[in-house]
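Under the working numbering, the first residue of the sequence shown is numbered 245, with each subsequent residue one higher. The C-beta atom is built at its ideal place from N, Cα and C for all residues, glycine as well. Worksheet: the structure to be examined is printed underneath.
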Amino acid sequence: MYIKYNFKGVTMFCVQCEQTIRTPAGNGCSYAQGMCGKTAETSDLQDLLIASLQGLSAWALKAREYGIIDHQVDSFAPAPSSPP
């Protein structure tokens, strides 16, 4: 999650969608609004949501190693499927 401040206000850095600006210098939308129309706030909230789900998934997996299963957590982070 990145927020860049400049003298004009808040801009964003976003690489979340297929409309991301791609140049030889680098990838990412870094304006007040992305090419897709997403605002800096929406981009930051989506980054926060993904980071939260990754953390929840990591702890759910660790809990499973100790035999702790929480079905409410599984509704957000499904358990890994068993190999066939």
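Proximity winner among the options, relative to residue i (alpha-carbon distances)
| i | options | result |
| --- | --- | --- |
| valine 317 | Lys282, Leu289, Gly281 and Leu300 | Leu300 |
Length of the line joining the Cα atoms of residue i and residue j
| i | j | result |
| --- | --- | --- |
| threonine 286 | serine 319 | 24 Å |
| leucine 289 | glycine 281 | 15 Å |
| alanine 284 | serine 296 | 18 Å |
| histidine 315 | isoleucine 294 | 20 Å |
Those residues which DSSP pairs with residue i across a bridge
| i | result |
| --- | --- |
| threonine 286 | Threonine 286 pairs with nothing; no bridge assigned. |
Backbone secondary structure at residue i - three-state DSSP
| i | result |
| --- | --- |
| aspartate 318 | helix |
| isoleucine 313 | coil |
| glycine 299 | helix |
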